[in-house]
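Peer 1: Numbering (this note's numbering), first residue to last: 148 to 512. The structure's right below; bear with me while I get my questions together.
The following block contains the structure:
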């Protein structure tokens, strides 16, 4: 028995592993989703993209800092497990062997605590780095010949913020009773400002959805024909869907000849002219005007567009169902956008193993 243990330890040392590493590997299922992702994604390229914005050598206590890739993977794990809080992500990394293996940690390693995750997210948000990471993830997915750009689909979805005002906004006049030599200066100083309550997200806005008021942000998204997210922009919830269409198409790099599908909220002469000037095919549903109902042909066209653009609705629905995506944990427009981009990357990677397997079946038949 002792000889067997010595032999195993020697073999593990030759493989550059500790005994606990070997035990973790032995106890994790080979077909696990996290292992599949590790086989399909080149994390070193993503690590280099993160290092442009986040590459500390030491932490605040002078110890070796955690790598940006480790923290990025932890954020993805939190979303894949139903939109966990940073504290719950830390607990999962400490207790789940599959997650531990995915993060490249052994039983002897320390797991970053929730405050490190929060600072990492904030650092990359301040550096405006999330869109570039989505581009890198999509570039690697494209290398597997999975993305389909013959057509794209645009829509918007609301993310609710729980940090809403509890009462009607209060107002106050500042610089009251100040003495000024000039009357014009006095009038300019008499400003009425809205009083903000502690904890309220001052950048989120109200919008009425299905006759119910909703407070939060709007996620404007363009997806390919597989439903994979190509680009995202974020606005306050009261921004009309159509205002972000052209900037969203530019962000996604939509090329001439591609047909853009969208519902009637995007229908306008401005958009028709803009798509035509760019050589992009118009797949926006027609909208009836006052005293000018849609023709039978327009109704048939709208029906065909609805059948084509269901994939973007499926993307929003899957994000809400899998990741609890409709509730925002953070405050402010920048962090809301970071959340939307993280959702996009988590969703695309979640779909990747199945799409890759389907692609192999097609190529082999």
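Idealized CB from N, CA, C, for every residue including glycine.
(1) Determine the DSSP secondary structure at residue 360, reduced to helix, strand or coil.
(2) Under 9 Å between the Cβ atoms of residue 236 and residue 225?
(3) By Cβ distance below 7 Å, which residues in the same chain neighbour residue 507 in space, the five residues on each side in sequence not counted?
(4) Can you find the residues in the same chain that come closer than 6 Å, C-beta to C-beta, to residue 482, ignoring five residues on each side of it along the sequence?
(5) What residue range is occupied by the uninterrupted beta strand (DSSP E) comprising residue 304?
(6) Can you list, in chain order, the residues of its chain with a C-beta nearer than 7 Å to that of residue 366? Leave out the 5 residues immediately preceding and following it.
(7) First and last residue of the beta strand (DSSP E) that includes residue 406?
(8) So what's residue 381 in DSSP terms, helix, strand or just coil?
(9) Who are the Cβ neighbours of residue 184 in its own chain at under 8 Å, not counting the five residues just before and after it?
(10) Which residues in the same chain as residue 180 place their Cβ atom closer than 7 Å to its Cβ, once the five residues preceding and following it in sequence are excluded?
(11) From what residue to what residue does the beta strand (DSSP E) around residue 374 run?
(12) Going straight from the alpha carbon of residue 352 to that of residue 485, what length do you get?
(13) Let's test the definition: count the other Cβ atoms within 10 Å of the Cβ of residue 290 and tell me whether it reaches 16, buried, or not, exposed.
(14) Compute the distance between the beta-carbons of residue 364 and residue 222, then report whether it is under 9 Å.
(15) Taking Cβ positions, are residue 471 and residue 279 nearer each other than 9 Å?
(16) Determine the burial state of residue 371: buried for a count of at least 16 other Cβ atoms within 10 Å of its Cβ, exposed for fewer.
Peer 2: Concretely, from the data shown:
(1) DSSP places residue 360 in the strand class (E or B) of the three-state scheme.
(2) yes
(3) Excluding sequence neighbours, residue 507 sits near nothing in its chain.
(4) 272
(5) Per DSSP, residue 304 is one residue of the beta strand (DSSP E) stretching across 298-307.
(6) Non-local beta-carbon contacts of residue 366 in its own chain, meaning distances under 7 Å to residues more than five positions away in sequence, involve 303, 304, 306, 379, 381 and 487 in chain order.
(7) 406-409
(8) Correct three-state label for residue 381: strand.
(9) 249, 496, 499 and 500
(10) 500
(11) Element bounds for residue 374: n/a, residue is neither H nor E.
(12) Cα to Cα, the separation comes out at about 18 Å.
(13) Residue 290 should be labelled exposed.
(14) Cβ distance not < 9 Å, so residue 364 and residue 222 don't count as in contact.
(15) In terms of Cβ geometry, residue 471 and residue 279 do not form a close pair [threshold 9 Å].
(16) Under a 10 Å Cβ-count criterion, residue 371 is classified as buried, with 16 or more other Cβ atoms of the shown protein chains found around its own Cβ.
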